[in-house]
Amino acid sequence: MNPESLIASAAINIGLAIFILTLFSILKKQPSNAPIYFPRRLSESQRQSQSPSHLRDNNRSALSVRRFLPSVSWISRAFRVSEDEILQTNGLDALIIIRLFKFGIKFFVVCSLVGLVILLPVNYSGDGLTAISHHSLDSFTISNISPGSNRLWVHFSCLWFISLYGVYLLYKEYNEILAKRIQQLLNIRHQPNQFTVLVREIPLCSQHKSRGCCVEKFFSKHHPCAYHSYQILYDGKEFKELLNQAKSIEKRIEDLRKQSVVKKHNQTPLLLNPSKEDSVKLSLYEEKLEELHHKIHQLQCEDMLKEKELPVAFVTFKSRLGAALVAQSQQHSNPVLWITDAAPEPRDPLSYNFLCHPSAAVQGIAKFEKLKKWFPPAMAVQLMPESHHLTINSPPSLTTWANPKVGNVFFWSLLSGSLIDEIGESFTHPKDFPSHLASAVSAQADFFVTYILTDGLSGFSLEILQPGLLCWDAIKSCTYGRGKEKTPYLYSLPYYRIIPLVSLSVLIGIVYAVVAPLLLPLSDWLLLAWLCCNAKEFDELDEKCNQVEFNYENASTAYCPPCLRPLNCMESGSNCTPALVSSSSF
Numbered sequence: 001m002n003p004e005s006l007i008a009s010a011a012i013n014i015g016l017a018i019f020i021l022t023l024f025s026i027l028k029k030q031p032s033n034a035p036i037y038f039p040r041r042l043s044e045s046q047r048q049s050q051s052p053s054h055l056r057d058n059n060r061s062a063l064s065v066r067r068f069l070p071s072v073s074w075i076s077r078a079f080r081v082s083e084d085e086i087l088q089t090n091g092l093d094a095l096i097i098i099r100l101f102k103f104g105i106k107f108f109v110v111c112s113l114v115g116l117v118i119l120l121p122v123n124y125s126g127d128g129l130t131a132i133s134h135h136s137l138d139s140f141t142i143s144n145i146s147p148g149s150n151r152l153w154v155h156f157s158c159l160w161f162i163s164l165y166g167v168y169l170l171y172k173e174y175n176e177i178l179a180k181r182i183q184q185l186l187n188i189r190h191q192p193n194q195f196t197v198l199v200r201e202i203p204l205c206s207q208h209k210s211r212g213c214c215v216e217k218f219f220s221k222h223h224p225c226a227y228h229s230y231q232i233l234y235d236g237k238e239f240k241e242l243l244n245q246a247k248s249i250e251k252r253i254e255d256l257r258k259q260s261v262v263k264k265h266n267q268t269p270l271l272l273n274p275s276k277e278d279s280v281k282l283s284l285y286e287e288k289l290e291e292l293h294h295k296i297h298q299l300q301c302e303d304m305l306k307e308k309e310l311p312v313a314f315v316t317f318k319s320r321l322g323a324a325l326v327a328q329s330q331q332h333s334n335p336v337l338w339i340t341d342a343a344p345e346p347r348d349p350l351s352y353n354f355l356c357h358p359s360a361a362v363q364g365i366a367k368f369e370k371l372k373k374w375f376p377p378a379m380a381v382q383l384m385p386e387s388h389h390l391t392i393n394s395p396p397s398l399t400t401w402a403n404p405k406v407g408n409v410f411f412w413s414l415l416s417g418s419l420i421d422e423i424g425e426s427f428t429h430p431k432d433f434p435s436h437l438a439s440a441v442s443a444q445a446d447f448f449v450t451y452i453l454t455d456g457l458s459g460f461s462l463e464i465l466q467p468g469l470l471c472w473d474a475i476k477s478c479t480y481g482r483g484k485e486k487t488p489y490l491y492s493l494p495y496y497r498i499i500p501l502v503s504l505s506v507l508i509g510i511v512y513a514v515v516a517p518l519l520l521p522l523s524d525w526l527l528l529a530w531l532c533c534n535a536k537e538f539d540e541l542d543e544k545c546n547q548v549e550f551n552y553e554n555a556s557t558a559y560c561p562p563c564l565r566p567l568n569c570m571e572s573g574s575n576c577t578p579a580l581v582s583s584s585s586f
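Numbered by full-length UniProt numbering, the letters in the sequence shown go through residues 1 to 586 in order.
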């Protein structure tokens with residue numbers, strides 16, 4: 001890469017980042033975007049019985065030119081936020097993300113100083129590439145150092161210094177994060193999931209035709225000291241449909257009552273009573289609502305619930321140690337019965353990431369001709385009908401279809417494509433594998449510079465702008481959500497995507513490829529020992545604080561299914577009703 005290309009790439013990405021941040025500073029001032037950029041503040045106002053729409057109406061009244069002018073004051077306010085505030089409002093995961101970025105800043109500032117002050121003059125004054133063009137960046141790299149030169153000792157010394165500095169920073173960060181994590185575990189030790197175990201594949205009791213009876217007998221027999229209670233889960237599809245119908249009718253009743261109040265104020269004595277028709281509709285809706293309430297109460301009867309039992313239950317124990325031992329051990333001689341696992345939090349969603357698999361499959365199709373040479377079973381794909389057109393014409397469309405995350409797909413596609421090329425070369429010339437590997441590493445330098453500029457500047461600028469939520473909010477406001485009150489978009493920073501891309505892919509894929517077979521059994525044993533010892537220490541602490549009774553009583557009621565709760569609780573909204581459990585969930 002020449003300097004002109006690097007400067008052009010940097011200018012484009014820096015300009016794009018400045019434009020996106022400027023657009024963000026304007027959009028965040030608009031009241032209609034408050035549910036996107038200020039969801040936590042709106043949620044707190046709802047808890048304090050202050051209507052978010054009332055806040056937005058106040059903001060609409062203060063229409064001024066300043067709302068449409070860009071500003072940079074939000075940057076200084078963001079830097080003034082302390083770590084304790086981040087930990088309190090967003091949790092430990094968000095704090096680790098911030099500390100990860102701070103670690104990178106501390107580390108790469110020193111690396112940049114060492115490179116600019118020491119390595120750049122040493123490389124530029126070398127004579128390894130005499131015929132090199134002065135317009136190329138290779139004169140500033142180690143390629144300009146001739147083999148066997150004493151200048152290489154400067155690189156080795158700088159490498160040792162940078163490595164030791166990185167180890168020191170990692171040691172310091174580890175100790176600080178460990179202290180905060182221990183404090184966080186102490187603060188959340190009363191959560192119900194620490195006393196609860198998820199049990200699946202529960203057999204049916206032949207005598208009582210119920211799974212709950214089987215759970216009670218099994219755990220009372222095998223864990224008599226630690227067992228406390230259980231909660232069977234039920235198929236809530238029919239219950240959910242009735243509940244949605246009841247909420248829809250309740251909303252219609254509220255709308256009719258508001259309309260009748262408005263008509264009473266606006267009616268004239270020459271007209272007939274316009275609220276008579278509304279009163280008839282209101283009475284019909286109230287009758288339908290009573291019927292739905294009656295059906296819901298019928299579903300909550302014990303005889304009806306037995307027919308909808310699922311082979312899944314949440315079992316509560318009196319101590320964390322008992323729950324940890326049950327969750328980590330096999331409970332039956334038949335491994336497909338009484339499957340136990342640690343219970344999730346009552347509101348914990350599940351998410352999966354299939355990012356690498358579609359990209360690797362697409363690159364396998366794109367590199368099909370090379371793949372056939374060193375992997376003969378791949379030729380079996382040609383026996384499939386229309387496979388020739390698929391392997392020749394489909395890679396561009398498949399790459400677009402695989403995942404909408406363009407930057408990540410491009411990153412993984414490049415790595416997987418280069419890997420296929422290098423493996424093919426190593427099979428044909430095994431002795432040249434080290435040189436091929438070294439050349440492949442150096443050949444990716446230009447790509448990583450461009451990738452850092454693109455994903456680091458433009459990517460994180462788009463992350464703060466939230467274009468996906470903006471587009472979705474605009475579509476919803478123009479279609480089925482028109483006239484409805486907006487709810488806050490309570491989405492957090494995608495740490496689940498950032499940390500694996502930065503840490504897990506590099507650390508596990510490169511460093512632990514050879515070490516993992518020896519370390520995994522020891523790691524599993526240490527993890528199980530840590531779980532049991534940690535749970536035991538917390539149980540002893542709770543006994544001293546007289547919190548034992550409160551903990552397992554709280555855990556026994558936290559996983560109550562929605563179909564067993566009183567109707568007034570279910571009508572209050574999502575604050576007291578978790579997601580319904582259906583047969584497809586397990």
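By construction, the Cβ of each residue, glycine as well, lies at the ideal position given by its N, Cα and C atoms.
Within the same chain, and ignoring the five residues on either side of leucine 152 in sequence, the residues whose Cβ sits closer than 7 Å to its Cβ are Ile145. In the structure shown, the three-state DSSP call for threonine 316 is strand. By the 16-neighbour rule on beta-carbons within 10 angstroms, aspartate 341 is exposed. Scanning Gly166, Ser157, Gly91, Gly126 for the CA closest to the CA of phenylalanine 108 turns up Gly166. At a cut-off of 3 residues, the continuous stretches assigned as beta strand (DSSP E) that sit fully inside the stretch 120-201 are 196-200. According to the DSSP assignment, tyrosine 234 belongs to the beta strand (DSSP E) that extends over 227-234. Going by DSSP, alanine 78 is part of no beta strand (DSSP E) but of the alpha helix (DSSP H) stretching over 73-79.
Here threonine 340 carries a strand assignment [DSSP, helix/strand/coil]. In terms of Cα proximity to histidine 228, the closest of Leu469, Ala323, Val280 is Ala323.
Proximity of the stretch 166-185 to the stretch 297-317 falls short of the contact definition, fewer than three beta-carbon pairs being nearer than 8 Å.
Here the C-alpha atom of valine 81 lies approximately 15 Å from the C-alpha atom of isoleucine 96.
A distance below 8 Å separates the beta carbons of tyrosine 285 and isoleucine 249. Scanning its chain for C-beta atoms nearer than 8 Å, with the 5 sequence neighbours on each side dropped, one finds around valine 154 the residues Ile118, Leu119, Val122, in chain order.
In the DSSP secondary-structure assignment, glutamate 309 is bridged to Tyr234. Closest in C-alpha terms to glutamate 307, from the list Ser279, His222, Asn175, Gly236, comes Gly236. When secondary structure is reduced to three states using DSSP, cysteine 205 falls in the coil class, being assigned neither helix nor strand. Taken through DSSP and simplified to helix, strand or coil, serine 210 comes out as coil.
Here the stretch 174-186 makes no contact with the stretch 155-162; the two share fewer than three CB pairs at distances below 8 Å. Nearest to glutamine 88 by C-alpha distance, out of Gln183, Val110, Ser163, is Gln183. In this structure, cysteine 111 places its C-beta atom within 8 Å of the C-beta atom of isoleucine 162. In the DSSP assignment, glutamine 88 falls within the alpha helix (DSSP H) that extends over 83-89. Taken through DSSP and simplified to helix, strand or coil, glutamate 345 comes out as coil. Assigned with DSSP and collapsed to three states, glutamine 300 falls in coil, not helix or strand. The C-beta of histidine 297 has fewer than 16 other C-beta atoms within 10 Å across all chains shown, which makes the residue exposed. Closest by C-alpha distance to glycine 126, out of Lys476, Leu113, Pro147, Ser206, is Pro147. Closest in alpha carbon position to cysteine 205, among Ser76, Ala78, Pro311, is Pro311. Leucine 69 carries a coil assignment under DSSP once its states are collapsed to helix, strand and coil. Annotated three-state conformation of phenylalanine 38 is coil, per DSSP.
Taking a C-beta distance under 8 Å as the contact criterion, leucine 113 and lysine 180 do not qualify as a contact pair.
Glutamine 331 and serine 220 have their C-alpha atoms spaced approximately 13 Å apart.
Boundaries of the alpha helix (DSSP H) harbouring valine 109: 92-114, taken from the DSSP string.
In this structure, the beta-carbon distance from phenylalanine 317 to valine 199 does not fall below 8 Å. Taking the Cα of glutamine 191 as reference, the smallest distance to any Cα among Gln30, Pro346, Gly15, Gly468 is reached at Pro346. Taken atom to atom, the span from the alpha-carbon of proline 31 to that of isoleucine 98 is near 28 Å. According to the DSSP assignment, isoleucine 118 belongs to no alpha helix (DSSP H), since it is labelled neither H nor E.
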